[in-house]
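Engineer: Residue numbers (the numbering used here), protein chains in the order written: chain W, 2 to 212; chain P, 110 to 556.
We put the beta carbon where it would ideally sit given N, CA and C, even for glycine.
Remember, predicted model here, so these are calculated numbers, not experimental data.
Following this message is one structure expressed as structure tokens.
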Amino acid sequence: MTPPMLLGAALVFWGWQTGFLVWGAAMAAAVEGSRMLSVRWKLSPADFYRIADASALLLMAMAVYRFVAGTASMARWLPFALFPLLAAQTFSVFGKVDLGAVFYTVRQREKKNPTAPRRGVDIRYPCLALILLAASAANVRTTAFYAGMILFAGWALWPRRPKGRPLAFITMLAAAAAGGYFLGNGLHVTQQHLEGWIGHRYPSPRSPCVT
Amino acid sequence: MLRIIYILHRAASALTHWVLLRLTPAGQLVAAGIGVTAAFGINTHLNMAHQAFGFLVAAAVAALVVGRYTQLPLRMHRRAPRYGTVGEPLSYRLRVANTTGKPLHDMIVQERLVDPRPVWTEFRSPVPGEHSRGFMERWSGFYRWRRLVVRHRQAYTEPTPLPVLAPYAENDIQVTVVPEKRGRLDLTGPMVRRPEPLGLFHALKTTDAYDSVLVLPRLYRLPPSALPGHRQYQPGGVALAASVGDSEEFVSLRDYRPGDPKRSIHWKSWAKTGKPIIKETQEEFFVRHALVLDTFAEGGDAAVFEEAVSLAASFVSARSSETLLDLMFVGPEAYCFTSGRGLAQADRMLEILAGVTLCTDKSFDVIRPLVIGRAGLLSACICVLQAWDADRRSLVETLCGLDIPVMVFVIVAPGQSMAYDPGPMQGNPQHFHVLEAGRMQEGLAQR
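Have a look at this one:
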């Protein structure tokens, strides 16, 4: 179980970063609204398989569109594909996603043995990670993405930290945030230097510098 | 090529073990995130995933360093039981002491078991049933690896949360291991894990405390059954037999010793000698059952054999203390162990059954002289067989021909419980049973 509002806030953050703020807010309202609503559906494993297949089809359609239209990275649309499965988990009595919906081999095994006990997986934390990955694909070159990511990481880890050491948690998170910032930016700067060095060493024949 | 596949399986298995042991679920997600962001953010101009990669790597390194150098100041002492039973949770007490002045939270304890990974010499030989698997399973060696790991795995253990340990306090907790194989279960020592402050990586404290538990076969509830047959004369009696029963043969007279039963006093001799004299007797007529366990591997599989051993163990466990039971099977040689009436107790027989292995180098004929040689002493015979072929039918036919009541149990692989011809058991179909491995209790209940 994720902490209250975490997934919703992450969806809004993704919407803000990618320009799908309305969609992000709507999805957040649906996901977080489930805490206030008592409506739950009794979804069978077969229902979960169908929803997972629908998500996969959506993802494929996005990939096709991305190559046909030649748009930017399709990763920014990931939450659209994830949302049906996430909503199914949120509003199901089972409270998880059947393992067979995520892994095809498990699905085959479950189909052969329908009387076996139902095995589920909680996809909320993986979804959170993918929502943040989708937000990164917006490529907004400010510190907002990094600050948001640290906030969500801390928010997600806080309830799961060992008891009795909050100061150690905050110190380690701050150290990781500082280290990560330098490492991430260092990678970017290194790539720029590498490109410059390679461009200088092996100039393109069409480059105006080549005489 | 096979050697490379073996090395890859071994490395993958070690990595999986390390990940499951050392990383928390959040840590596993971070590890996966590092991989995904590394691939996705390879070009830092296209997205900001390189920043996510940087943060995840920094968090993982911080957690790894802190977790690796975190000390868990604990002292542990385990008291392992002597026996366990296949499939039944085996609980034992573990005393954990906090040796510091600080309380310890969020600890998980679990038993360390022996590494089940096969060695190269085992892996290079095919396993039964491999030829019928798909190409990918055969080519990758996955099926072989999995079969061998399952064969070596003795038990599984669930992590148990430890209650908060107050400063310098001791706490007793129950640790549970579920044995999966009969025989000796090696416990190498308890292990305590505790996540570092970020909750990604576990600090580990292990204690080397070797212990072993004898795991007895699984037992089934046997429905009440009356084996026909009557008491038989046992020439020479049975050494150490308890004084139970009414057919006693006089042996000698001796002086009274404290504790001798009053009914053994020889009153006439007391009158003659003026001191109490005891009449020593030895029982010579007993009910004696034979339990023939088929250990021969020809065409049989390990699951069927395990069920056969379990059924034999159920008979040993359920037999009356006034009945003699001869357990006969073939291992490196033919064995016959007798229990009952003051001889070996049921737990001793179960210990023997815990160590029975499949006989791969001999044929079923080897057991025949052992059974027939004792036929004159037997009241009845229970045969637990892994097949119903000519050799086994012939043995049963011979026993029936000697007027010994026989009860036959044929254990078959799952899904093969077709109608079998009772053959020599035609006259006693109620004593001929075909049981399916994996559904033994169900089959026994239907008898």
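If the cut-off is 8 angstroms on Cβ atoms, which residues from the segment 188 to 219 of chain P count as contacting chain B, listed in chain order?
Structural biologist: In the structure shown, chain B cannot be found, because the protein chains are W and P.
Engineer: Tell me the DSSP secondary structure of GLY142 of chain P in three-state form.
Structural biologist: Reduced to three states, the DSSP call for GLY142 of chain P is helix.
Engineer: List, in order along the chain, the chain P residues whose C-beta lies closer than 9 angstroms to that of ILE151 of chain W?
Structural biologist: Ordered by position in chain P, the residues that pass the 9 angstroms Cβ test against ILE151 of chain W are PHE164.
Engineer: For ARG125 of chain W, which option in W:ALA82, W:VAL23, W:ALA88, W:SER137 has the closest C-alpha, if you only look at C-alpha atoms?
Structural biologist: When each option's Cα is compared against that of ARG125 of chain W, the closest is W:ALA88.
Engineer: How about the segment 188 to 203 of chain W and the segment 39 to 58 of chain W: do they share at least three Cβ pairs that are nearer than 8 angstroms?
Structural biologist: The segment 188 to 203 of chain W, when compared against the segment 39 to 58 of chain W, does not touch it at the 8 angstroms Cβ threshold.
Engineer: Closest Cβ-Cβ distance between ALA555 of chain P and chain W: below 8 angstroms?
Structural biologist: Before going further, note that residue 555 of chain P is Gln rather than Ala in the sequence given. Taking Cβ atoms only, chain W never reaches closer than 8 angstroms to GLN555 of chain P, which makes this a no.
Engineer: With MET185 of chain P and ARG302 of chain P assumed to form a contact (beta carbons below 8 angstroms), what rounded beta-carbon distance in angstroms separates them?
Structural biologist: At roughly 13 angstroms, the Cβ-Cβ gap does not stay under 8 angstroms, so MET185 of chain P and ARG302 of chain P are not in contact.
Engineer: Would ARG77 of chain W be called buried (16 or more neighbouring beta carbons within 10 Å of its own) or exposed?
Structural biologist: The residue is buried, with at least 16 neighbouring Cβ atoms inside 10 Å.
Engineer: Can you list the alpha helix (DSSP H) stretches of 4 or more residues lying completely in the segment 233 to 277 of chain P, in chain order?
Structural biologist: Segments of the alpha helix (DSSP H) lying fully in the segment 233 to 277 of chain P: 244 to 249, 251 to 261.
Engineer: Is the separation between the beta-carbon of GLU97 of chain P and that of THR179 of chain P shorter than 8 angstroms?
Structural biologist: In the structure as shown, chain P starts at 110 and stops at 556, and residue 97 of chain P therefore has no counterpart that could be examined.
Engineer: Would DSSP call SER423 of chain P helix, strand or coil?
Structural biologist: Residue state, collapsed to three classes: helix.
Engineer: State yes or no: is the C-beta of SER56 of chain W within less than 8 angstroms of the C-beta of LEU100 of chain W?
Structural biologist: Their beta carbons are not under 8 angstroms apart, which means SER56 of chain W does not touch LEU100 of chain W by this criterion.
Engineer: Can you pull the chain P residues whose beta carbon is under 7 angstroms from the beta carbon of LYS164 of chain W, in chain order?
Structural biologist: Here the neighbours are HIS214, ASP215.
Engineer: Please compile the residues from chain W whose C-beta is within a distance smaller than 8 angstroms of the C-beta of ASN156 of chain P.
Structural biologist: Near ASN156 of chain P (Cβ distances below 8 angstroms), the residues of chain W are SER74, ALA76, SER137, ALA138, ALA139, ASN140.
Engineer: Establish whether the CB of VAL145 of chain P and some CB of chain W are separated by less than 8 angstroms.
Structural biologist: So, interface residue.
Engineer: For SER488 of chain P, count the other beta carbons within 10 Å of its own beta carbon; 16 or more makes it buried, fewer makes it exposed. Which is it?
Structural biologist: By the 10 Å Cβ count, SER488 of chain P comes out buried.
Engineer: Give me the subset of the segment 173 to 184 of chain P whose CB atoms are less than 9 angstroms from a CB atom of chain W, sorted by chain position.
Structural biologist: The residues in question are VAL175.
Engineer: What does DSSP give as the partner residue(s) for GLY181 of chain W in the beta ladder?
Structural biologist: Looking at the DSSP assignment, GLY181 of chain W forms no beta bridge with any residue, so it has no partner.
Engineer: Using a Cβ-Cβ distance cut-off of 8 angstroms, determine whether TYR105 of chain W contacts chain P.
Structural biologist: For TYR105 of chain W, the answer is no, since every Cβ of chain P falls outside 8 angstroms of its Cβ.
Engineer: Less than 8 angstroms separating the beta-carbons of LEU173 of chain P and LYS314 of chain P?
Structural biologist: Cβ distance not < 8 angstroms, so LEU173 of chain P and LYS314 of chain P don't count as in contact.
Engineer: When we look at the beta-carbon of PRO190 of chain P and count the other beta-carbons within 10 Å, is it buried (16 or more) or exposed?
Structural biologist: Looking at its Cβ environment, which holds fewer than 16 other Cβ atoms inside 10 Å, PRO190 of chain P is exposed.
Engineer: Would you say PRO4 of chain W reaches chain P, if we count a Cβ-Cβ gap shorter than 8 angstroms as a contact?
Structural biologist: No, because no Cβ of chain P sits closer than 8 angstroms to the Cβ of PRO4 of chain W.
Engineer: What's the gap between the Cα of LEU479 of chain P and the Cα of VAL228 of chain P?
Structural biologist: Their backbone Cα atoms lie some 38 angstroms apart in a straight line.
Engineer: Drop a sphere of 10 angstroms on the beta-carbon of GLY34 of chain W, count the other beta-carbons inside from all chains shown, and report buried for 16 or more, exposed for fewer.
Structural biologist: Exposed, since its Cβ has fewer than 16 Cβ neighbours within 10 Å.
Engineer: Can you check the segment 119 to 166 of chain W for any alpha helix (DSSP H) of at least 4 residues that lies completely inside it and give the ranges in chain order?
Structural biologist: Entirely contained in the segment 119 to 166 of chain W, the alpha helix (DSSP H) runs reaching 4 residues are, in chain order, 125 to 137, 145 to 158.
Engineer: Would you say ALA135 of chain P faces chain W, with C-beta separation under 8 angstroms as the test?
Structural biologist: Closer than 8 angstroms to some Cβ of chain W, the Cβ of ALA135 of chain P qualifies, so yes.
Engineer: Chain W beta carbons: is any one of them nearer than 8 angstroms to that of PRO270 of chain P?
Structural biologist: It does not; no Cβ of chain W falls within 8 angstroms.
Engineer: Can you name the residues of chain P whose CB is closer than 7 angstroms to the CB of GLN192 of chain W?
Structural biologist: By Cβ distance, chain P contributes THR153.
Engineer: Are HIS398 of chain P and LYS388 of chain P touching if we call contact CB-CB under 8 angstroms?
Structural biologist: No, they are not a contact pair.
Engineer: Tell me ILE461 of chain P's beta-bridge partners as DSSP assigns them.
Structural biologist: Bridge partners of ILE461 of chain P: none, in fact.
Engineer: By DSSP's criteria, GLY193 of chain P is part of a beta bridge. Which residues make up the other side?
Structural biologist: GLY193 of chain P pairs with P:VAL324.
Engineer: For HIS540 of chain P, does the count of other Cβ atoms within 10 angstroms reach 16, so buried, or fall short, so exposed?
Structural biologist: By the neighbour-count rule (16 or more Cβ atoms within 10 Å), HIS540 of chain P is buried.
Engineer: Would you tell me roughly how many angstroms separate the C-alpha atoms of ALA82 of chain W and LEU59 of chain W, rounded to the nearest one?
Structural biologist: Taking the straight line joining both Cα atoms gives about 6 angstroms.
Engineer: By a C-beta neighbour count over all protein chains shown, 10 Å radius and 16 as the cutoff for buried, is ASN152 of chain P buried or exposed?
Structural biologist: Exposed, since its Cβ has fewer than 16 Cβ neighbours within 10 Å.
Engineer: Out of curiosity, what's the CA-to-CA distance linking LEU174 of chain W and LEU152 of chain W?
Structural biologist: Going by the C-alpha atoms only, they are around 10 angstroms apart.
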